[in-house]
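So the protein sequences, as listed, match chains A and B. Going by numbering that gives the first Met the number 0, the first sequence opens with residue 0, and the numbers climb by one from there. Going by numbering that gives the first Met the number 0, the second sequence opens with residue 0, and the numbers climb by one from there.
2 protein chains.
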Amino acid sequence: MNEIKIFSPATVANVACGFDVLGFCLDSVGDDMVIRKVDKKGIRISRIEGFELPYETEKNVAGVSALAMYNAIDVDFGFEIEIYKRIKPGSGIGSSAASAVGSVFGMNELLGRPFNKTQLTEFAIKGEALASKCEHADNLAPALFGGFTLVKSVVPLKILEIPCPNDLYATIIHPQIEIKTSEARAVLPKEVPLADAITQWSNLGSLVHGLHTSDYDLIKDSLKDVIIEPHRSKLIPFYNEVKNEVLKAGALGASISGSGPSIFSLSKGLETAKTVKEAMKTVYAKSGIDFDIHVSKINTKGIKIID
Amino acid sequence: MNEIKIFSPATVANVACGFDVLGFCLDSVGDDMVIRKVDKKGIRISRIEGFELPYETEKNVAGVSALAMYNAIDVDFGFEIEIYKRIKPGSGIGSSAASAVGSVFGMNELLGRPFNKTQLTEFAIKGEALASKCEHADNLAPALFGGFTLVKSVVPLKILEIPCPNDLYATIIHPQIEIKTSEARAVLPKEVPLADAITQWSNLGSLVHGLHTSDYDLIKDSLKDVIIEPHRSKLIPFYNEVKNEVLKAGALGASISGSGPSIFSLSKGLETAKTVKEAMKTVYAKSGIDFDIHVSKINTKGIKIID
């Protein structure tokens, strides 16, 4: 096998109470990538469609993670990467993570899987760091492992796969506005009230338990963020309106996807997830801001090979 | 049935990363109590052995929780309570919680179980508040439900039962010193660094996952407290020495039990728990401070009727 085509999924990080540690994987949104073994040594980005991204390997997220892996192996050939980008950069649903994992996942397949998924995440972290200026794995882990993941620590990298109920769907609205990462970081407090921190870890512990036990009521009761949302939600127009309406529409919860501007919600069942989509649409239709909305089952497999 | 004898277990609250929400139940340490239906209406404490505690119903933890339940029912008889106290008040292993749950559990049995365990906890909270000046359930919940519990919220009261591996044992040392609750509270910061809070909730999420999956390595890796321990451990003589030695002896982790002064550790298997006991003993033997040490399997049943 000299060439492989893969689907690299979009992901939602933070997941309300799980800031900086929790994430989940989407099914219906993601990039396609082709990875090809070539005679010429090194890593080359040979094609990019969808969005304008740099072709220079060292300046491209997929290139940087590919290089991290390439430098860890000793082969007399190289790889070409084609990127068919569908996840808009800066949307808050793991666009850079999808690129970062895509190249290393594909290369690993072509090499006969010398690396496990945690090792692939280590390489992908280097690519992610190019985009987000820090080494984190909250989008990488769910993209590679699928389902819900909890990144217990980055050094050493420890990723936990949290099970989830079968009938869990996400609805995500992406308002076409830009939130600078620096701005999303600047609004975060350095210190937080101990009482709020306790509420947050109580919710995260409960969410992990609710996912393990498929307890939708508990998932609903735990999808709350008292630490980050009060600050970052101000950067997203109509955030409170969207949240109120999707909860009225039957969603289990809603919060900021990653550092925004996308807003995700989780629902039991596809029908509710679609009702939630209509509720989101109604709020944003009168806003004058362009947006798109995705409905997706939780993708428990993660990144995959396609024909 | 007019009389019932019960064993009301000691408990460990906070459990390293689970400050204010997590707790577990002990098997080998606890109070005995006798609850008796009597003709005379009202609640009367008729006997107290072991430690000096007030006989006035309104000043006794077991009496106050009993009254809370008694006021919620309409019966033409009363109850007598005998307390055979073995858990030293102020030891940090849920002495007041054992008293508070004992009376209401016993009365509920004699009444034919009109209340569920969450409702019993609600009554017991009133007794616990007498002792600790605040309404909390971190010791009450594990005493009533057994095993590990996560108190997701107090208002409304929501208690989650977290499963745990079969072979999990606790070793607890109780140095015979007094730490005033007010002092244990005063050393806590009102605000904590966001980065530390993230570490704490990552550990709590991981601990819940580790308990669900019986992953001892993960339990070990998660039994860490970066928020409370740095402050409260200073109040406990030889805390760091004990912790270092029990970890060397093979314990999965160690931390402050409740607000101290007891220190608990968790181990895989009885043999390791006993080795940990010797390690604790060695540290404290040369301290000049009296102490006692308990080794106990995790009690997954909680409070129970005895002959």
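Where a beta carbon is used, it is the ideal one built from N, C-alpha and C, also for glycine. Because the structure is a prediction, the values reported are computed rather than measured.
Problem - Glu134(A) to Val153(A) span [Cα, whole Å] - result: For the purposes of this step, residue 134(A) is taken as the residue at position 135 of the first sequence. For the purposes of this step, residue 153(A) is taken as the residue at position 154 of the first sequence. Those two C-alpha atoms are separated by around 8 Å.
Practice task
From the DSSP output, in three-state form, read off Asp216(B) for me.
Solution key: The residue you call residue 216(B) lines up with position 217 of the second sequence. Three-state result, Asp216(B): helix.
Problem - Chain-ordered chain A contacts of Ile197(B) [CB-CB under 8 Å] - result: Sequence index remark: in the second sequence, residue 197(B) carries index 198 (1-based). Within 8 Å Cβ-Cβ: Phe18, Asp19, Val20.
Problem - Every unbroken beta strand (DSSP E) within the stretch 93–177 of chain A, with a cutoff of 3 residues, ordered by chain - result: 147–152, 157–161, 167–174
Problem - Cβ-Cβ distance between Ala99(B) and Ser64(B) below 7 Å - result: Counting from one through the second sequence, the residue named residue 99(B) turns up at place 100. Counting from one through the second sequence, the residue named residue 64(B) turns up at place 65. Taking 7 Å as the Cβ cut-off, Ala99(B) and Ser64(B) qualify as a contacting pair.
Problem - DSSP-derived helix/strand/coil call for Pro318(A) - result: Because chain A here runs from 0 to 306, residue 318(A) falls outside it and cannot be looked at.
Exercise for the section: Give the DSSP-derived three-state secondary structure of Glu81(A) in the structure shown. Expected result: Residue numbering aside, residue 81(A) sits at position 82 when the first sequence is read from its first letter. Strand at Glu81(A).
Problem - Exposed unless 16 or more other CB atoms sit within 10 angstroms - verdict on Pro155(B) - result: Mapped onto the second sequence, residue 155(B) falls at position 156. So Pro155(B) ends up on the exposed side.
Problem - Chain-ordered chain A contacts of Val191(B) [CB-CB under 7 Å] - result: Sequence index remark: in the second sequence, residue 191(B) carries index 192 (1-based). In chain order: Glu190, Val191, Leu193, Ala196.
Handout entry: Simplified DSSP assignment, three categories, for Leu246(B)
Key = Numbered from its first residue, the second sequence carries residue 246(B) at position 247. Three-state result, Leu246(B): helix.
Exercise for the section: State the beta-bridge partners of Asp73(A) as determined by DSSP. Expected result: As a position in the first sequence, residue 73(A) is number 74, starting the count at 1. DSSP output for Asp73(A) lists no bridge partner at all.
Problem - Unbroken beta strand (DSSP E) run spanning Val294(A), endpoints - result: Counting from one through the first sequence, the residue named residue 294(A) turns up at place 295. Segment 290–296, the beta strand (DSSP E) holding Val294(A).
Practice task
Out of Ser201(A), Pro8(A), Lys247(A), state which residue places its alpha-carbon closest to the alpha-carbon of Phe104(A).
Solution key: Locating residue 104(A) in the first sequence gives position 105, where the first residue counts as 1. Looking at the Cα atoms, Pro8(A) is the closest of the given residues.
Practice task
Return the residue from the list Pro162(A), Lys132(A), Lys116(A) that minimises the CA-CA distance to Ala142(A).
Solution key: Locating residue 142(A) in the first sequence gives position 143, where the first residue counts as 1. Minimum Cα distance to Ala142(A) is reached at Lys116(A).
Practice task
Given a cut-off of 7 Å, decide if Cys16(B) and Asn239(B) are closer than it, judged by their beta-carbon atoms.
Solution key: Your numbering for residue 239(B) matches position 240 in the second sequence. Your numbering for residue 16(B) matches position 17 in the second sequence. No, the pair does not count as a contact, with Cβ atoms beyond the cut-off.
Practice task
Check the Cβ-Cβ distances between Val207(B) and every residue of chain A, and say whether any is below 7 Å.
Solution key: What you label residue 207(B) is simply residue 208 of the second sequence in a count that begins at 1. By this cut-off, Val207(B) is an interface position.
Handout entry: Per-residue contacts from His211(B) into chain A (C-beta, under 7 Å)
Key = Position 212 of the second sequence, counting from 1, holds the residue named residue 211(B). Simply His211.
Problem - chain B contacts made by the stretch 138–158 of chain A, where a contact means CB separation under 8 Å - result: Leu149, Val150, Lys151, Ser152, Lys157
Handout entry: Three-way DSSP call (helix, strand, coil) for Val28(B) in this model
Key = Counting from one through the second sequence, the residue named residue 28(B) turns up at place 29. Correct three-state label for Val28(B): strand.
Handout entry: Residues that Val191(A) bridges to, as DSSP identifies them
Key = Position 192 of the first sequence, counting from 1, holds the residue named residue 191(A). Beta-bridge pairing links Val191(A) to Val191(B).
Exercise for the section: Could you tell me the boundaries of the beta strand (DSSP E) in which Lys267(A) lies? Expected result: By one-based count along the first sequence, residue 267(A) stands at place 268. Here the beta strand (DSSP E) through Lys267(A) covers 262–267.
Practice task
Consider the Cβ of Leu251(B): report whether some Cβ of chain A lies at a distance smaller than 7 Å.
Solution key: By 1-based counting over the second sequence, the position of residue 251(B) is 252. Output row for Leu251(B): interface = no.
Handout entry: Cutoff 7 Å: Gly308(B) Cβ touching any chain A Cβ
Key = Here chain B comprises residues numbered 0 to 306, so residue 308(B) is not present and cannot be evaluated.
Exercise for the section: Kindly list, in the order they appear in chain A, the residues whose Cβ is closer than 9 Å to that of Leu187(B). Expected result: Sequence index remark: in the second sequence, residue 187(B) carries index 188 (1-based). Within chain A, the residues near Leu187(B) are Leu193.
Practice task
Might you give, ordered along the chain, the residues of its own chain that have their beta carbon closer than 8 Å to the beta carbon of Thr56(A), omitting 5 neighbours on each side?
Solution key: On the first sequence, position 57 is the one that residue 56(A) refers to. Only Gly41, Ile42, Arg43, Ile44, Gly62, Val63, Ala65, Leu66 meet the Cβ criterion.
Problem - Lys36(B) - partner residues in DSSP beta bridges - result: As a first step, residue 36(B) is located in the second sequence; it is residue number 37 there, counting from the start. DSSP lists Phe78(B) as partners of Lys36(B).
Handout entry: Extent of the continuous alpha helix (DSSP H) to which Ala185(A) belongs
Key = Within the first sequence, numbered from 1, the residue matching residue 185(A) stands at position 186. Run containing Ala185(A): 180–185, per the alpha helix (DSSP H) assignment.
Problem - Ser201(A) at chain B interface by Cβ criterion, 7 Å - result: Indexing the first sequence from 1 puts residue 201(A) at position 202. With 7 Å as the cut-off, Ser201(A) counts as an interface residue toward chain B.
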